Amino acid sequence: MELFRCPVCGGALTRTPQALVCQKRHSFDLAAQGYAHLLSCGRMHAKIPGDNKEMVAARRRFLDTGGYEPFADALCRLAAGLLCCVPHPVVVDAGCGEGYYTRRVAHALLHAGLDASIAAFDISKFAVKAAAGRDAQHAIQWAVASSFAIPLADACADMLINVFSPMAQQEFARIVKPGGFFLFAVPGPMHLYGLKQVLYEHPYENAVQHTEYPGFVFEQRVPVQAELTVSGSHILDLFAMTPYYWKTPRGGAERLAQCESITTPLHFDFLVYRRVEAPA
């Protein structure tokens with residue numbers, strides 16, 4: 068079943084070996100890696116939106132070290148537990164990046180005996196290309212798309228996953244079916260505090276996020292904490308995949324470049340929301 072919809076007319080798409088095509092003959096070529104570019108020109112607020120090739124490569128190198136494995140494992144347990152009684156669940160990963168969490172969740176659901184259909188998208192074509200390139204079996208449907216104009220049908224998802232990506236409340240509420248789940252990963256207070264101690268003269272804790280979103284009810288907060296020691300070139304790889312990469316003063320970045328290793332606490336909170344019926 069093709070999960071993505073035509074970004075032009077919203078119609079169902081049919082997959083051919085070369086393209087996704089709707090009944091109105093809007094056609095979207097499939098890349099060699101199997102993904103489609105469904106991001107309209109009006110949503111491209113930059114010539115090449117999203118993470119660039121270097122940032123994607125840095126994230127891939129760091130995640131391949133297993134540094135964030137405790138978070139991936141916790142997400143997999145949470146997703147499999149929440150979907151255990153859902154026949155043929157549809158799972159969507161919004162802002163999937165290079166697909167690290169998507170692939171892990173897909174494997175966990177399969178291992179749990181769940182016949183899930185999974186769609187994942189990101190605004191960065193470099194990220195999606197990297198993600199799809201590692202999905203040799205094409206078990207996941209990949210696309211370049213924006214969270215603020217998701218090319219998916221209304222109420223199609225049993226679970227929406229968002230790991231450190233922009234919050235698009237209206238679109239998320241639109242695509243998650245009543246009774247479905249929204250898993251939102253946010254940084255805990257001490258996440259990467261050791262990194263910030265190097266970058267900033269006055270490091271700060273992250274604010275605790277607890278926000279109500281129309282159409283969803285909050286169910287639980289699942290904290291996951293660990294400690295990480297990272298050394299060598301992986302220090303800069305970690306830095307490049309954080310928002311601090313864009314806003315750190317030059318002096319802080321230079322101090323980090325001189326470090327041989329750093330140790331930092333890690334802290335994700337998984338916020339679990341359930342979609343509720345809209346009032347009549």
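In terms of the working numbering, the sequence shown opens at residue 68 and continues consecutively. Yeah, the Cβ is synthetic: ideal placement off N, Cα and C, and Gly gets one too. Values in this document were obtained by computation on a predicted structure and should not be read as measured data.
Can you tell me the Cα-Cα spacing of residue i and residue j, whole angstroms?
i	j	result
residue 250	residue 228	5 Å
residue 305	residue 287	29 Å
residue 258	residue 215	27 Å
residue 335	residue 252	6 Å
residue 95	residue 262	42 Å
residue 124	residue 315	20 Å
residue 107	residue 219	14 Å
residue 323	residue 187	33 Å
residue 91	residue 149	38 Å
residue 142	residue 307	23 Å
residue 265	residue 325	10 Å
residue 347	residue 222	Legend: pLDDT at residue 347 = 43, less than 50; position of this residue unreliable, no value from coordinates given.
residue 101	residue 318	42 Å
residue 184	residue 89	20 Å
residue 329	residue 344	47 Å
Looking at C-alpha atoms only, which residue of the options is the closest neighbour of residue i?
i	options	result
residue 239	159, 164, 79, 256	159
residue 282	269, 341, 289, 314	341
residue 205	162, 294, 166, 161	166
residue 180	189, 164, 154	154
residue 224	241, 77, 318	241
residue 366	147, 209, 75, 157	The structure shown does not extend to residue 366, since the chain is modelled only from 68 to 347, so the question has no answer here.
residue 331	185, 169, 317, 270	270
residue 273	254, 266, 325	254
residue 321	267, 169, 344, 122	267
At what residues does the beta strand (DSSP E) containing residue i begin and finish?
i	result
residue 254	243-254
residue 288	283-298
residue 89	86-89
Within the continuous alpha helix (DSSP H) that includes residue i, where are the two ends?
i	result
residue 122	120-131
residue 334	No alpha helix (DSSP H) holds residue 334; the beta strand (DSSP E) holding it covers 328-342.
residue 305	301-307
Considering only residues of the same chain and omitting the five flanking positions on each side of residue i, which have a CB-CB separation below 7 Å?
i	result
residue 192	104, 211
residue 327	298
Excluding the 5 residues preceding and the 5 following residue i in the sequence, name in chain order all residues of the same chain whose CB lies nearer than 8 Å to its CB.
i	result
residue 279	285
residue 233	162, 214, 215
By Cβ distance, which residues of its chain are closer than 6 Å to residue i, with the 5 residues on each side in sequence left out?
i	result
residue 118	191, 194
residue 172	143, 146
Beta-carbon of residue i versus every beta-carbon of chain B: anything under 8 Å?
i	result
residue 217	Any reference to chain B falls outside this structure, which holds one protein chain only.
When you compare the region 123-130 with the region 295-304, are there three or more beta-carbon pairs, one atom per stretch, that lie closer than 8 Å?
With the cut-off at 8 Å, the region 123-130 and the region 295-304 touch.
Taking contact to mean 3 or more Cβ pairs, one atom from each stretch, closer than 8 Å, check whether the region 198-208 and the region 134-148 are in contact.
no
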